[in-house]
Amino acid sequence: MGELWFSTAIRAKRIGPFMQVAKFLTKKSSSRFLDIRMDVTNQCNLQCEMCYFSLPEKRMEKPVFMSLELFRKIARDVFPKAIFTTLSCGAESLVHPKFHSMLEIARPVSSYLKFSTNGLLLDGKLAELCVRLPVNEIIFSIDSPEKETFESIRKGASFEKLVENLKRLEEIKEKNNSALPFTTFNLVLMKSNIEQLPSYVEFAKELHASRVACQHLRVFAGLDIEKESLLGCKELANKKISEARKLAKELGIVFSAPLPLSEAEVDGIKLCDRPWTFLNLWPTGEVLPCDAWHGQEPLGDLSKNGFDEIWNGEAYEQLRESIKTGNGLRECCANCRLFAEATPKGIAKEIKYGHGQGNK
Ligand SMILES: C[S@@+](CC[C@H](N)C(=O)[O-])C[C@H]1O[C@@H](n2cnc3c(N)ncnc32)[C@H](O)[C@@H]1O
Ligand code: SF4
Ligand code: SF4
């Protein structure tokens, strides 16, 4: 997810709660230049129908929980270089038994600290901590405002429990007179929820979210999820996105959505700045340049080497050169879905889950 919504919010003059964010962006300097997304575990408490956690091979992966020792090292060496530090990427960080301690360690060395979560494990103690530290933003992945649809997509989740957790977080913010953490409600656009998008915006408003963010479905091979793809109903999808955008504007909620589903194609590779700006960290300490690094070896390992050594090392330099020149591109870059996924061609591609990392 890009950070373009901040500039959209600012352009739309809904800058109230986003002044802080704007400050971070204008402070972008040579010392803070990274957007870090980091998994502290490879485990999750749910099996959402569109997520690779529903694949048998994912469920059979050996559990990995990052040690506090490695987390401290990364926080000390790498977080001071980040504009955005997101303590989650492809799993559910709240299942890590030491997640509270990780937030405490991360806060003093982070600029904009956030995490995304399914929200089911956000109990009172964690919510109090997020307000006290504070965490800047929590992104809640909620794929429907309606219990039945929500629970059929987010398998293993209870809608009532989630709403209870969201309300408690808002009460704690209120009690402490704090606007932080901002909350974003995030959903994957699918056939089963697209009609609900405008009511999703109302639901977000009721629960005091600052932003609604949506993304297209990535079709992972083996999930039988093609049936949820909106490629067959582009007009409906575009119509609902534009209705929701209009409503969000009226309600004062920032709304971020991917490009409309049109026939337009983008040359994705030219848009990639990830190897210069982004760091995806696996719970083992392994370093990937982005979250589209399917089937590729990591570019380094922070449990063995220092950040500068990896960032300025041969593997990173080779990748940057290949993206600049188009020569020697790796397969995942040549077929990159990250930037092409906003287009029909991009999202139509089936993705085979699997990384060259995380199996030690
Ligand atoms: C893999 S989850 C990990 C973080 C956390 N467990 C959560 O659900 O927010 C990260 C994001 O990916 C989204 N996601 C899962 N499967 C997806 C798919 N097939 N296509 C697009 N986004 C997906 C989730 O809804 C969530 O917003
Ligand atoms: S909660 Fe997040 S990681 Fe877990 S299955 Fe759902 S989308 Fe995947
Ligand atoms: S796979 Fe390559 S092109 Fe795609 S985001 Fe990653 S580094 Fe960029």
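If you count the sequence shown from 1, position 217 lands on 220 in this note's numbering, and the numbers rise without skipping. Note that CB positions come from ideal geometry on N, CA and C, so glycine has one too. Note that this is a predicted model, so its numbers are computed, not measured.
- Beyond the five residues adjoining it in sequence on each side, residue 195 comes within less than 8 Å, by CB distance, of 147, 152, 155, 156 and 231 in the same chain, given in chain order.
- In this structure, the beta-carbon distance from residue 220 to residue 233 falls below 9 Å.
- In this structure residue 91 is not in contact with residue 74, their Cβ atoms being roughly 13 Å apart against a cut-off of 8 Å.
- Taking 8 Å as the cut-off, the C-beta of residue 69 does not count as close to any heavy atom of ligand 1.
- Per DSSP, reduced to three states, the secondary structure at residue 216 is strand.
- Note on the region 93 to 165: whole beta strand (DSSP E) runs with a minimum of 3 residues are 115 to 120 and 140 to 144, in chain order.
- Under DSSP, residue 51 shares a beta bridge with 157.
- Taking a contact as a CB-CB distance under 8 Å, the pair residue 123 and residue 165 counts as one, their CB atoms being some 6 Å apart.
- For residue 108, the distance from the CB to the nearest heavy atom of ligand 3 is not below 8 Å.
- Taking 8 Å as the cut-off, the C-beta of residue 314 does not count as close to any heavy atom of ligand 3.
- Only residues of its own chain outside the window of five on either side were considered, and among them 56, 57, 158 and 159 have a CB closer than 7 Å to the CB of residue 50, listed in chain order.
- Per DSSP, the continuous beta strand (DSSP E) segment holding residue 39 begins and ends at 37 to 41.
- Where residue 82 is concerned, there is no enclosing beta strand (DSSP E), because DSSP gives it neither an H nor an E.
- The Cβ atoms of residue 132 and residue 170 lie no closer than 9 Å to each other.
- Secondary structure of residue 300 (DSSP, three-state): coil.
- The beta carbon of residue 201 sits closer than 6 Å to those of 246, 247 and 250, all from its chain and outside the five residues before and after it, given in chain order.
- Between the C-alpha atoms of residue 175 and residue 141 there is a straight-line separation of about 14 Å.
- With 16 or more other Cβ atoms from the protein chains shown falling within 10 Å of its own Cβ, residue 186 counts as buried.
- Relative to ligand 3, even the nearest heavy atom lies 8 Å or more away from the CB of residue 285.
- Between residue 42 and residue 94, the C-beta spacing is below 9 Å.
- Within its own chain, the residues whose Cβ lies closer than 6 Å to the Cβ of residue 168, once the five positions on either side in sequence are excluded, are 122 and 125, listed in chain order.
- By DSSP's assignment, residue 257 forms a beta bridge with 214.
- Within a 10 Å sphere around the beta-carbon of residue 177 sit fewer than 16 other beta-carbons, which makes this residue exposed.
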